[in-house]
Structure formats: structure tokens, C-alpha cells
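Remarks on the structure that follows.
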Amino acid sequence: MVISCYSPIAKRFMASVLICAAVLLTSAYPAAAGAADLVVQTSLVRVGDSVGASVSLTNASADSQQLCSAVAVLGIYSGGRLTDTAVRTYSVPGGDAVQDTLTLPLEKGAHAKIFVWDGADLRPLTGMKRIDNPLPFTPRWGQDVIDSAVSAKDINLFFGGISHDWTNALLPSQAMFTLALMAHYNRDLRSTGGKTVTVRLLEQIRNVIKPNRAPSCNGGLSSWVDGPTALALALAKSMPDVWGQLTEEEVDKCDLIMEAMAVTGNYLNNYENSPKSLINQSDPWTKTYNPNLVDGYVAAMISNYVYFGGAARVNANLAAFDYDTFIGQLNANGYNDTAAQFAGAGKTLLETGGTDSRGGKVKGVRIPFTMNRVYGGLTGERVPYEPLALFSAIMRRQCYHTAQSVIYHKNSNEKAGYIADGTVSPFEGQQGMMYEYKTSDADGVRTSSAYVVTGWKHIVNTRVFLEVMGYWQGAETDALEVLMYIGSEDFLYKTARGYRGYSKGRDLGVQSEISHWLNSGNFHGYIFIKDIWLKALREGPNSQRTLPRVGDIALDGVTVSGFDPYRTTYRVSLGTSLPVPVVTASVDERYTVTIRQAESKAGAAVVEVVSKSDPTDFLVYTIMFSTP
124 MVISCYSPIA KRFMASVLIC AAVLLTSAYP AAAGAADLVV QTSLVRVGDS VGASVSLTNA
184 SADSQQLCSA VAVLGIYSGG RLTDTAVRTY SVPGGDAVQD TLTLPLEKGA HAKIFVWDGA
244 DLRPLTGMKR IDNPLPFTPR WGQDVIDSAV SAKDINLFFG GISHDWTNAL LPSQAMFTLA
304 LMAHYNRDLR STGGKTVTVR LLEQIRNVIK PNRAPSCNGG LSSWVDGPTA LALALAKSMP
364 DVWGQLTEEE VDKCDLIMEA MAVTGNYLNN YENSPKSLIN QSDPWTKTYN PNLVDGYVAA
424 MISNYVYFGG AARVNANLAA FDYDTFIGQL NANGYNDTAA QFAGAGKTLL ETGGTDSRGG
484 KVKGVRIPFT MNRVYGGLTG ERVPYEPLAL FSAIMRRQCY HTAQSVIYHK NSNEKAGYIA
544 DGTVSPFEGQ QGMMYEYKTS DADGVRTSSA YVVTGWKHIV NTRVFLEVMG YWQGAETDAL
604 EVLMYIGSED FLYKTARGYR GYSKGRDLGV QSEISHWLNS GNFHGYIFIK DIWLKALREG
664 PNSQRTLPRV GDIALDGVTV SGFDPYRTTY RVSLGTSLPV PVVTASVDER YTVTIRQAES
724 KAGAAVVEVV SKSDPTDFLV YTIMFSTP
């Protein structure tokens, strides 16, 4: 059965994905089953001045009495505002399939997005599909973030010998990637002082190829710097008008740095290699280390693929690796620190392999790159050297856990980590919570927003890189979008509320945006990572997380059950004899509120809060009604 309606129901966003709420099924059927058996596919096509959204739903259950419900929403956006929607709900018996098409007009400069929800519990079933007409989407970057990216100091890892002052590189490397991303969308984007992001990006590129400024290429903690740097160089190379401003000598140095990062990435993460030491042989390492340490060099391998034009070229560079020649080139360019890291492994270990300083077995770096698939730990499955396949492997590990608001010590009822204000994450029980909210170290449980943000930066950076470079394609992206949205938004909720962490056998205190990142100098470039997520991936016209929210939403004067200003979707069951309630909301004087009342007991009321000073700055709440 298909029930359809068309209405301007506003929505919230999901990871570059539309989070939608719609009219629900009434109870003409038995209670709908969960959507575990529902296979969903969506696509968008342009048809003249309209957009058509194809929706395919198949209930794989063999039991015809097991209904799966779903809600599909096609949304049209113009100028950062939702202007039109087509909403349909479906109930699919076991063994049946539904094919459907939703259509809407698509005006010049607008874009369309399609998204599908589980109709039973509002869990997302697909990621966003997007089509533009004809102008490309441009993130609405915060001016403070633009200013911070342009004013960030030069990357400078070198601190004498083989040591690193991380504060000289963590924020600047993230700023460098952010500059490259901003320049991709708008070459003339500029700071309050007038410097364009393109000019500052070129300055950072020229800085990082100076003597003693190149990435260390050691792996491990250096991936926090090297990953964003590699992505920035690959993205910059994709812009001929930017890259063409570099001299031939400067390009050669960029090539050398990228090749050095590929050597390290292949040594540490190749399916055939099982090192127990980093490339310098001084620090311990395994491929099963927590993802904040591993994934930066997976990003570097993805960057190399794009930078050099595919796996064949990167593997050819690796196959031709000659230790003496390569060390000579590094030293000749003043990259002495990088050369010293490779010298730790030495000629034999890098060229042909052997046993490392801690007993790990490696086959060197001349072998073609592939990688182990990683979920909770390593599996025997080999991941091919393809950008989306590599990202999927790290993404599914990063967003591995079922979301929890409280993490307990092992075999204990004692809390190790929890949301500081005692609230429950809106994503409780849904798969996608970031891995390092529930892991361990030598002293037991480790749960920490600080560790989460170091892993989050890798997947946010790599995810947006894949999209702008044209590699975000294929059916699997739907599932990855869902996981990344849940992981990211669960993290931001905990960060906004404060999260009390635990690591290395001690209480870490409350970690939050203010106390941990902003007041400590934005150590990892957190404001850049967050802005990329909000503006380029989640695609909100303004940060929903920084808006003043409604003070209250009431039904006939009584606050809606479970009201929370962070929660934007509510489900309310009405008795058969009760009328449809009138929805009211309170906001402060800086905002106007528009309420579209539900037309029936199987309808939805929408509360839209809009800034008086900026009409693209808005937030939407949806209250959906049904009867028993």
C-alpha cells in the first residue's frame, strides 16, 4: 500500500543528507515490523524543468504478515531554504516490492535531495542523493572560520633532531586542508583582512615544501598532521589555476612529499605487512591500533591515488622505490627529518622486507597496496586500492558501536564515561557511535571525546574530499551516510552537553567545545572540522547546533512529551476521541516562528524558527501524529 501527500514540510539535515519527517501510516494494518528486512534504493534524474526521484523498496521477509513501513521525502532547496517537498509513506508486506516515483519542479539555482526513513522508528535507511539545477552547491562558511584558516600559522613540525612540536602542525595542517576545500568552492573567498583563501593556500604549500617543514612520514601520531596535508596537496592539484602558479621545482617537491607518504602508508597498512614498530623503529605500532592513529595514513593513500591518477601509478612509484636514491632526494631538499625516519627502518626492511625491531614481519614497500578490512579488529578480507573501498573500511570501524550515553567499566555498574548533564543521546541504541567512545588502553576502559575528535577529523576530511573529487558514488554510500551522520551528531550532542571521559586509569573530567577545544587553542583545528561537517557535509545553511532553540513546544498548552531543544522530531499518538491538538512554540525576540498545524490525526505539524537578521538561518521541528 502507498499513502501519499504533498506539503511544504520542512526538515532537518543529515550528513549531506536530508533528514525528513512525514505523515505516518494509520493502523489499517498490523503494527509494522522493523526495517531490517527492507532493501531500499533511490535515484534522482532531471526531466526538463522537473526532478524525478525513483524509490525501490523490497521486503526480504518470507512472512507476508511482516510489514515494513518507510517514508520517502523529496525536497527542493533554493537559497539555502527548503521550498517544496513531496512526501510518501509505504507499507510493504513480506515478499513484496514497491517501485515508485516522486516528481517536483526544479527551478534554476535550486537543488533536490531524496531520503528514506524507516517508518516505524524514524531511523534513516538511505543516504542523500542530490541533483543541482544548474548552479553547484557552495557551503556557507562561517567568516570566523575563514579568518581562522587564513590566519593560521605556517606548518612547522621540525623541532630539532627527530622530535616534533605538535602544536606547530596540528591546527595549521587542518587549516591548510580547509583552505584547499574553500578554494575548491570559491577561489575568491577571502578573510576579513582581504586575503583570499587561494593566496593563503599557496603560501602554505610553499611553506610545507621548505627544508625541515615537510611531513615526518613516521606514521602513528604524525598521521594527525600528514593526513590533512596529503589531502590538501591532492585537492590543490585538482585546481589547474591554483596548481599552475607553482613552479616546476615546487611541483617536484610536492611529488616527492606525496611519494614519501605513500611509502609510509604502504609499509604500515599494506595487507601483506604486519609491522610492530613505526617506520622509525623506535615507537610501537600495529594495524589494530585505535583509528585515530591508523586512518590518517589511509587518507594519505587515498590522496596519493587521486594525486597521481590511480592505483597503477602509485604502485609503479612504490615498485620503483630505491632506498639510496630516495634518501638522497629527501636530504637534497632539506627533508632531513623525513629521511631520518626512513633510516630507522633502513634499506633492507623497506626494499625487500624482514623482521622489524619488535618482531613484526613485513615484505617492504615495493609490493602493490591493498589493505585489511577493519571493523572491531582486522579481518581476513582484502580491500582493493580504490578510494571508496578504503574509506568504507575505516568508516565502518570509526562508526562501529551502538550509541550509548553511559559507558561502564568492564564487568561493573560503575560509570566510566557519560554525558555530563545526565541527558540521553538522541541516537541512543542506533549503530554509528564513534569507536573511541568505547575502547580500551593498558589501564582498562577508554572513553573520550578528545580521542573521538582525532578520529573524526580523518573521516570528515576524507569524506568531503571523496565527494568534491567525484568518488562519492555507488550504493554503499547510502549506508555510510547513515553511519557517519549518527556518529557525527552523537559526538556533537555529547560535545555540546559536555562528556565526562576516562582514559589511562583516570577520570578525564568534562570535555566540551569550550573547555577542551576552544579554550586550549583549538588544538586539532576542531572549528575547521566542525564547519566542514556542518556546512559541506550535513549541508545546513547555518549551524543548527549554535542556534538559539525554541524554549518550549506545547500541544494544547502542555509541553510535548520528551521535549528537548536539541530534538527536532517528535511522534505523538492520539486517542481516537481526541481532536488534533494545536501546536504552539516560544522563541526569543531575535527569531520569528511559523507553525503549520497538522490537518488530521495522521498528519504532521511543523514549527519553523527563522532569524530576523538572516533568513537562511533557521531550524525546523516536526511533530507527527498517529492514532492507536
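The numbering of the sequence shown is the numbering used here, which starts it at 124 and goes up by one. All residues carry an ideal CB built from backbone N, CA and C; glycine is no exception.
For methionine 305, the enclosing alpha helix (DSSP H) has its first and last residue at 293-308. With a minimum length of 3 residues, there is no unbroken run of beta strand (DSSP E) contained wholly in the segment 310-364.
One Cα belongs to glycine 483, the other to aspartate 544, and the distance between them is close to 45 angstroms.
Apart from sequence neighbours up to five positions away, the residues of its chain that approach valine 716 with a beta-carbon distance below 6 angstroms are Ala708, Val710, Val732, ordered along the chain. Separation of the CB atoms of aspartate 172 and proline 228 is rounded to 6 angstroms, and the pair is thereby assigned contact status at 8 angstroms. Cα atoms of arginine 313 and methionine 305: separation of roughly 10 angstroms, rounded to the nearest angstrom. Arginine 569: member of the beta strand (DSSP E) spanning 567-569, first to last residue. Residue pairing by DSSP places tryptophan 240 opposite Val194, Pro247 in a beta bridge.
Here threonine 478 is exposed, its C-beta having fewer than 16 other C-beta atoms within 10 Å.
Counted as a single uninterrupted DSSP element, the beta strand (DSSP E) harbouring glutamate 731 occupies residues 727-734. Annotated as proximal: arginine 481 and lysine 399, with beta-carbon spacing under 9 angstroms. The way I'd put it, the segment 442-461 doesn't touch the segment 353-361; fewer than three beta-carbon pairs between them come closer than 8 angstroms. Around the CB of glutamate 382, 16 or more other CB atoms lie within 10 Å, so the residue is classed as buried.
Of the residues Ser572, Val591, His647, the one whose Cα lies closest to the Cα of lysine 617 is Ser572. Secondary structure within the segment 477-508: the beta strand (DSSP E) runs of 3 or more consecutive residues, fully enclosed, are 494-497, 501-506 (chain order). Put simply, the backbone Cα of arginine 323 is about 6 angstroms away from that of valine 273. Contact between the segment 410-427 and the segment 340-357 is present: 3 or more CB-CB pairs across the two stretches fall below 8 angstroms. The beta carbon of serine 611 sits closer than 6 angstroms to those of Trp656, all from its chain and outside the five residues before and after it, given in chain order. By the Cβ criterion, the segment 415-434 is in contact with the segment 580-591, since at least three pairs of Cβ atoms, one from each stretch, lie closer than 8 angstroms. Close CB contacts of alanine 659 within its chain, under the 6 angstroms cut and outside five residues either way in sequence, are with Pro262, Val587 (chain order).
The segment 316-332 makes contact with the segment 362-382, as at least three CB pairs between them are under 8 angstroms. Membership of glycine 578 in the alpha helix (DSSP H) is indicated by the continuous run 572-591. The Cβ atoms of serine 563 and aspartate 613 lie no closer than 9 angstroms to each other. For arginine 436, the enclosing alpha helix (DSSP H) begins and ends at 434-442.
The residue from Thr165, Ser184, Leu190 with its alpha-carbon nearest to that of valine 239 is Thr165. Taken through DSSP and simplified to helix, strand or coil, glycine 419 comes out as helix. Rounded to whole angstroms, serine 736 and valine 673 show a C-alpha spacing of 17 angstroms.
Per DSSP, aspartate 277 has no beta bridge partner at all.
Around arginine 620, the same chain offers Ile542, Ala543, Asp544, Thr546 as residues with beta carbons nearer than 7 angstroms, after the five sequence neighbours per side are excluded. For arginine 519, the enclosing alpha helix (DSSP H) stretches over residues 510-521. In terms of Cβ geometry, isoleucine 269 and leucine 167 do not form a close pair [threshold 9 angstroms]. Just measuring C-alpha positions, the residue of Thr448, Ala516, Ala303 sitting nearest glutamate 326 is Ala303.
Annotation for lysine 653: the continuous alpha helix (DSSP H) segment containing it runs 649-654.
Rounded to whole angstroms, the gap between the alpha carbons of asparagine 427 and leucine 248 is 32 angstroms. Rounded to the nearest angstrom, the Cβ distance from aspartate 219 to asparagine 182 is 6 angstroms, consistent with a contact under 8 angstroms.
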